[in-house]
Amino acid sequence: MNGSKHDRGRRPEPTTVRFAFTPAAAYVRAARLVAADVAAHAGVATGLLDEVRQAVGEACTRAVLRHRDRGLLDLVRVEFSIGDRFVAKITDNAQDLRARSGDRVGAGAVGGDARANDHDALEEDTLSEEITLIVLGGLVEDLVVTGPTADGGTTVRMSWPLPGSGSAADH
């Protein structure tokens, strides 16, 4: 009996839930619901579940928009890991538009208006992504955005404390 008492405080091996969805706004809601459900089962504090839901929704919306703006049909990848913390990773396949802006603006541009419109769209996309990242930064204390990688794409990684992880006071 004593042995089982001590085992209760230990976390089982890390668990991972992965799925991918077509880059369409209609599926972002499903990703939010799955995030909240997995977080609740992981033991994330009830008061943080809305934060998890909203943050995952923002990150998924960002990924969907990055795919849409670049004409990609590749799936948006989502991964939830349960270990010492609850970790959510949302990965898109869109290369950084700024890195390729010279190619996009110059290619096929007929006349000065098309070039100006491409530049305006690029600035608007960049501003929209920056605002989303600011919102995420306000929602999540542990936020890391990596990429784009050589193959393209970025990953938004967020995490929340779990009971007994020793980091619950950090939040």
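1 is the number of the first residue of the sequence shown in UniProt numbering; add one for each residue after it. Glycine residues also receive a C-beta, built at the ideal position from the N, C-alpha and C atoms. Quick caveat, the model's predicted, so the values are computed rather than measured.
Cross-strand partners of E79 (DSSP beta bridge): To locate residue 79, count along the sequence shown from 1; it is residue 79. Its beta-bridge partners are R18, K89.
Rounded straight-line distance, which links the Cα of R70 to that of D92: Locating residue 92 in the sequence shown gives position 92, counting from the first residue. Locating residue 70 in the sequence shown gives position 70, counting from the first residue. Going by the C-alpha atoms only, they are around 11 Å apart.
Residue span of the alpha helix (DSSP H) that contains D151, given as start and end: For the purposes of this step, residue 151 is taken as residue 151 along the sequence shown, with counting starting at 1. Taken as a continuous stretch (DSSP letters only), D151 belongs to no alpha helix (DSSP H), as it is neither H nor E.
Backbone secondary structure at G164 - three-state DSSP: Residue mapping note: residue 164 aligns to position 164 of the sequence shown, counting from 1. In the three-state reduction of the DSSP assignment, G164 falls in the coil class.
T154, buried or exposed, once every other Cβ within 10 Å from all chains shown has been counted against 16: Against the sequence shown, residue 154 aligns to sequence position 154. With a 10 Å radius around the Cβ and a threshold of 16 neighbouring Cβ atoms, T154 comes out buried.
CA-to-CA distance, V52 to K89, given in whole angstroms: Here the question's residue 89 lines up with position 89 in the sequence shown. Here the question's residue 52 lines up with position 52 in the sequence shown. Answer to the nearest angstrom: the Cα atoms are 12 Å apart.
Three-state class that DSSP yields for D142 in the structure shown: For this step, residue 142 is matched to residue 142 along the sequence shown. Collapsing the DSSP output to three states places D142 in a strand.
Straight-line Cα distance separating V34 from F86: As a working note, residue 86 is residue 86 in the sequence shown. As a working note, residue 34 is residue 34 in the sequence shown. Approximately 13 Å between the Cα atoms of the pair.
Nearest-angstrom Cα separation, counted from C60 out to A26: One-based indexing of the sequence shown puts residue 26 at position 26. One-based indexing of the sequence shown puts residue 60 at position 60. Computed Cα separation, rounded: 11 Å.
Range covered by the alpha helix (DSSP H) that runs through T61: In the sequence shown, residue 61 corresponds to position 61, counting from 1. Secondary structure note for T61: its alpha helix (DSSP H) is the uninterrupted segment 49-69.
R66 vs A94 beta-carbon contact at 8 Å: The residue given as residue 66 occupies position 66 in the sequence shown. The residue given as residue 94 occupies position 94 in the sequence shown. Less than 8 Å divides the Cβ of R66 from the Cβ of A94.
Opening and closing residue of the alpha helix (DSSP H) in which D37 lies: Position 37 of the sequence shown holds residue 37. Counting along the chain, the alpha helix (DSSP H) containing D37 begins and ends at 28-42.
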